[in-house]
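Novice: This structure is in structure tokens; I'll ask about it shortly.
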Amino acid sequence: MQSNDTTIENNTQQEETIVNKILEAISGSFVPILGVLAGSGLISALLSILKTLGWISPESGTYAILSSAGHAVFYFFPVFLGITMANKLGANGYVGGAIGAALLEPNYTGLIASQAQDVSFLGIPVMLATYSSTVFPILIAASIYALLNKFLQKVIYQELQMFVNPMISLLVVVPLTILIFGPFGTYVGEGLSFVIQFLSDKSGLITGAVMGASWSFLTILGLHWAVIPIFLANLAATGLDPISAMVAAAPFAQIGMGLGVFFKTQDKKLKTLAGSGLLPSALAGTTEIITYGFLVRYKRTMIIVGVAGAIGGAINGLLGVSGMAFALPSFLSIPVFTPVGLYLIGVLTSLVLAMVLTLVFGYESKRNKALAEKTSKEFGIGKVKNELILSPLTGNVVPLNEISDPLFSTETVGKGIAIDPTDGEIISPVDGVITTLFPSKHAIGITSDDGAEILIYVGINTINLNGEFFTPHVKQWDRVNKGDLLIQFDIDAIKAAGYDIKTPVVITNTEEYVDVKPIKDGCVQANDGLIQLNA
Numbered sequence: 001m002q003s004n005d006t007t008i009e010n011n012t013q014q015e016e017t018i019v020n021k022i023l024e025a026i027s028g029s030f031v032p033i034l035g036v037l038a039g040s041g042l043i044s045a046l047l048s049i050l051k052t053l054g055w056i057s058p059e060s061g062t063y064a065i066l067s068s069a070g071h072a073v074f075y076f077f078p079v080f081l082g083i084t085m086a087n088k089l090g091a092n093g094y095v096g097g098a099i100g101a102a103l104l105e106p107n108y109t110g111l112i113a114s115q116a117q118d119v120s121f122l123g124i125p126v127m128l129a130t131y132s133s134t135v136f137p138i139l140i141a142a143s144i145y146a147l148l149n150k151f152l153q154k155v156i157y158q159e160l161q162m163f164v165n166p167m168i169s170l171l172v173v174v175p176l177t178i179l180i181f182g183p184f185g186t187y188v189g190e191g192l193s194f195v196i197q198f199l200s201d202k203s204g205l206i207t208g209a210v211m212g213a214s215w216s217f218l219t220i221l222g223l224h225w226a227v228i229p230i231f232l233a234n235l236a237a238t239g240l241d242p243i244s245a246m247v248a249a250a251p252f253a254q255i256g257m258g259l260g261v262f263f264k265t266q267d268k269k270l271k272t273l274a275g276s277g278l279l280p281s282a283l284a285g286t287t288e289i290i291t292y293g294f295l296v297r298y299k300r301t302m303i304i305v306g307v308a309g310a311i312g313g314a315i316n317g318l319l320g321v322s323g324m325a326f327a328l329p330s331f332l333s334i335p336v337f338t339p340v341g342l343y344l345i346g347v348l349t350s351l352v353l354a355m356v357l358t359l360v361f362g363y364e365s366k367r368n369k370a371l372a373e374k375t376s377k378e379f380g381i382g383k384v385k386n387e388l389i390l391s392p393l394t395g396n397v398v399p400l401n402e403i404s405d406p407l408f409s410t411e412t413v414g415k416g417i418a419i420d421p422t423d424g425e426i427i428s429p430v431d432g433v434i435t436t437l438f439p440s441k442h443a444i445g446i447t448s449d450d451g452a453e454i455l456i457y458v459g460i461n462t463i464n465l466n467g468e469f470f471t472p473h474v475k476q477w478d479r480v481n482k483g484d485l486l487i488q489f490d491i492d493a494i495k496a497a498g499y500d501i502k503t504p505v506v507i508t509n510t511e512e513y514v515d516v517k518p519i520k521d522g523c524v525q526a527n528d529g530l531i532q533l534n535a
């Protein structure tokens, strides 16, 4: 048993590359907003159907109001992603949201609308750009903010951090975003446009393969906006655009991958997510649900979509298919492309190939499956059941909404309760397996034999202590029983260092339960009943 544990732990550490961390951060920033993306996408699909049937006019007030409901989350992507990315990286989500909002604030957008010239910031020239619906700039900005916030927490007095940290962060990060991060994406986009135009002049086959393979990933980074002007320029010059037909293979590949996941997965949540993403993708060409629900979460789907998109794009490029107007690729926009028959060969090839590859090879890596199997089979963990979670600490119960960290107070991580400990020992609240032990030793994750995923997170911002004052007594993949000692920590030393010691105890797979109900208030002893889970 020990050798197997060591092997898995070593493999996990070896695969924890920078790329994995980046993809995990991006994925984690989209997961909290998948629901609103799905709902908004379905509204867009409904409007597309009503407009096609002639039941609603695009010029009507009804259409405008419903369209605003469907497109708001996409337009204000920088705000939502600023919140979720900052939360994911352990910073203040509201500050991250304010950074994103600054890119859409009328004082800034007014400069663009008025076509202002020679705009500068402290004498530094500013390249004005529109950031609505963009992803790349705010992800960088939120990441820089998270790093800056960690530094400020170390150098600013605890009593002043509530207002000083956000002030400094906004003063530093917003100008940096407008001066550097945004223009960086613009320059990359311009270079990308040049390369695409060059390839297009040389070979439709090569260009189609490159565009079909890369379009989904350009969309994730927000760089696809730099290519769209090529579409429009070609349409204005000749009335036809071959590039849009090449890239159309990518969203159809995503639809195929989504279908593959829908038919293959046994996970009801993933099946529902795939189903909700397929309708707006197929009818309105809005693939965000599939893109951010699967593509950035499962690396294998990236390969599948890339291969299928490349083949479909190459077919359209080779056969000389072109778009006659600008439209998001979907089943409803098929008549926009010519020749229609050849266009269908390309995009349906992408769709069918992606679906088949997903059904044959799956959407998860072998490593993820191995870890899941290790947890479920070797340790006897299966589907969730009704379960009573015991208190891992002795202390006073505190509602989560009173915790200063919005990651917990807003129940972003999951539902549960917090404890203000009076004793520095954490014991296991269940029989199960240690599935996560943070390197900073201040937090631990346990999966119970009945399927509950429990996170015990000691203190607020205590990650900055880098393990000081914490002594773990278990390691990842250890099997534990109720009452086993997990971590000891020095309450007085942590408080003396200026940290709040309140400890959230949350169920991170809350969505798998009908009810997550704290059953204790006031004083609580370790091993007392704390949270009732009803499956």
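Read in UniProt numbering, the sequence shown has 86 at position 86, and its numbers run on one by one without any break. Where is the CB? At the ideal position from N, CA and C, for every residue including glycine. Note that this is a predicted model, so its numbers are computed, not measured.
1) What does Phe-361 pair with, by DSSP beta-bridge criteria?
2) Among the candidates Gly-459, Phe-77, Ile-156 and Ala-113, whose CA atom is the shortest distance from the CA of Ala-98?
3) Determine the DSSP secondary structure at Gln-254, reduced to helix, strand or coil.
4) How would you write the range of the beta strand (DSSP E) that Tyr-108 sits in, first residue to last?
5) Which residues in the same chain as Ile-156 place their Cβ atom closer than 7 Å to its Cβ, once the five residues preceding and following it in sequence are excluded?
6) Distance check for Leu-47 and Ser-60, CA to CA, integer angstroms please.
7) Taking buried to mean at least 16 other C-beta atoms within 10 Å of its own C-beta, is Ser-350 buried or exposed?
8) Is there contact here, the region 498-505 with the region 355-362, by at least three beta-carbon pairs under 8 Å?
9) Where are the alpha helix (DSSP H) runs, 4 residues long or more, that stay fully inside the region 469-532, in chain order?
10) Nearest to Leu-95 by alpha carbon, out of Gly-258, Ala-141, Ile-487 and Gln-117?
11) Quick check: the Cα distance between Leu-139 and Cys-523, rounded to an integer number of angstroms?
12) For the structure I just gave you, are there three or more beta carbon pairs, one from the region 259-266 and one from the region 306-324, closer than 8 Å?
13) At 4 residues or longer, and completely inside the region 249-317: list those alpha helix (DSSP H) runs for me, N to C.
14) Nearest to Leu-240 by alpha carbon, out of Phe-337, Phe-294 and Pro-518?
15) Skipping 5 residues on each side, what residues in its chain have a beta carbon closer than 7 Å to that of Lys-415?
16) Would Thr-134 and Gly-70 be called neighbours here (beta carbons separated by less than 9 Å)?
17) Let me make sure I understand the geometry here. Which of Gly-285, Asp-201 and Pro-439 has the alpha-carbon closest to that of Gly-333?
18) In this structure, what does DSSP give as the bridge partners for Lys-441?
19) With burial defined as no fewer than 16 other Cβ atoms inside 10 Å of the residue's Cβ, what is the status of Asn-149: buried or exposed?
20) Please report the straight-line C-alpha distance between Asn-534 and Thr-471, rounded to a whole angstrom.
21) Taking Val-130 as the reference, which of Asn-107, Leu-152, Ile-144 and Leu-147 has the closest Cα?
22) Could you compute how far the alpha carbon of Val-305 sits from the alpha carbon of Gly-445?
23) Report the residue from Leu-147, Pro-175 and Val-73 whose alpha carbon sits nearest the alpha carbon of Phe-121.
24) Identify, in the order they occur along the chain, each residue of the same chain with its Cβ nearer than 6 Å to the Cβ of Gly-123, setting aside the five sequence neighbours on each side.
25) Are at least three pairs of beta-carbons, each pair with one atom in the region 460-480 and one in the region 428-439, less than 8 Å apart?
26) Could you spell out where the alpha helix (DSSP H) holding Leu-407 opens and where it closes?
27) CB-CB under 6 Å to Leu-50, same chain, minus the five flanking residues each way: which ones, in chain order?
28) Alpha carbon to alpha carbon, what distance is there between Lys-385 and Lys-374?
29) Quick one: is Phe-194 buried, meaning 16 or more other Cβ sit within 10 Å of its Cβ, or exposed?
30) On the premise that Phe-294 lies in contact with Tyr-363, defined as a C-beta separation below 8 Å, what is that separation, rounded to the nearest angstrom?
31) In the DSSP assignment, what are the bridge partners of Phe-121?
32) CA-CA distance, Ile-303 and Thr-462?
33) If contacts are defined as beta-carbon pairs under 8 Å, then Gly-212 and Ala-327 qualify, I think. What distance do you get, rounded to the angstrom?
34) Could you tell me which of Ala-526, Glu-468 and Ser-391 sits nearest to Gln-532, measuring between CA atoms?
35) Hey, would you say Asn-401 sits closer than 9 Å to Ser-440, going by beta carbons?
Specialist: To lay it out plainly:
1) DSSP, once it has assigned bridges, lists no residue as partnering Phe-361.
2) Of the candidates Gly-459, Phe-77, Ile-156 and Ala-113, the one whose C-alpha sits nearest the C-alpha of Ala-98 is Phe-77.
3) It is helical.
4) Here Tyr-108 belongs to no beta strand (DSSP E); instead the alpha helix (DSSP H) covers 106-113.
5) Once the five neighbours on either side are set aside, the close Cβ partners of Ile-156 are Val-164 and Asn-165.
6) The straight-line gap from Cα to Cα measures roughly 12 Å.
7) Around the beta carbon of Ser-350, 16 or more other beta carbons sit within 10 angstroms, so the residue counts as buried.
8) Taking one beta carbon from each stretch, the region 498-505 and the region 355-362 have fewer than 3 pairs nearer than 8 Å; the two do not touch.
9) Inside the region 469-532, DSSP marks whole alpha helix (DSSP H) runs of 4 or more residues at positions 491-496, from first to last along the chain.
10) It should be noted that the sequence gives Val, not Leu, for residue 95. Taking only the C-alpha atoms, the option nearest Val-95 is Ala-141.
11) Between the C-alpha atoms of Leu-139 and Cys-523 there is a straight-line separation of about 42 Å.
12) In short, these stretches do not touch, since the Cβ pair count stays below three.
13) Scanning the region 249-317 for uninterrupted alpha helix (DSSP H) segments of 4 residues or longer gives 249-264 and 268-284, listed from N- to C-terminal end.
14) Among Phe-337, Phe-294 and Pro-518, the Cα nearest to that of Leu-240 is on Phe-337.
15) Excluding residues within five positions, the ones whose Cβ falls inside 7 Å are Val-506, Ile-507, Thr-510 and Val-516.
16) No, Cβ-Cβ distance for Thr-134 and Gly-70 is not below 9 Å.
17) A small correction: the amino acid at residue 333 is Ser; Gly does not occupy that position in the sequence shown. Closest by alpha carbon: Gly-285.
18) DSSP output for Lys-441 lists no bridge partner at all.
19) Taking all protein chains in view, the Cβ of Asn-149 is crowded by 16 or more other Cβ atoms within 10 Å, so the residue is classified as buried.
20) A direct Cα-to-Cα measurement between Asn-534 and Thr-471 gives close to 33 Å.
21) The identity of residue 130 in the sequence shown is Thr, whereas the question assumes Val. Nearest neighbour of Thr-130 by Cα position, chosen from Asn-107, Leu-152, Ile-144 and Leu-147, turns out to be Asn-107.
22) Going from the Cα of Val-305 to the Cα of Gly-445 covers about 33 Å.
23) It is Pro-175 whose Cα lies nearest to the Cα of Phe-121.
24) Within the same chain, Gly-123 has no close Cβ partners at all.
25) Enough Cβ pairs lie closer than 8 Å, so yes.
26) In this chain, the alpha helix (DSSP H) harbouring Leu-407 covers 406-409.
27) Excluding its 5 nearest sequence neighbours in each direction, Leu-50 has C-beta neighbours in its own chain below 6 Å: Ile-56, listed in chain order.
28) Unreliable positioning characterises Lys-374 in this predicted model, as indicated by a pLDDT of 47, which lies under 50. A coordinate reading is not provided.
29) Label assigned to Phe-194: exposed.
30) Confirmed, Cβ separation roughly 7 Å.
31) Its beta-bridge partners are Ile-124.
32) Each residue's alpha carbon lies about 38 Å from the other.
33) About 17 Å separates the Cβ atoms of Gly-212 and Ala-327, ruling out a contact at the 8 Å cut-off.
34) If we check each option's Cα against that of Gln-532, Ser-391 comes out closest.
35) Going by beta carbons, Asn-401 and Ser-440 fall outside the 9 Å limit.
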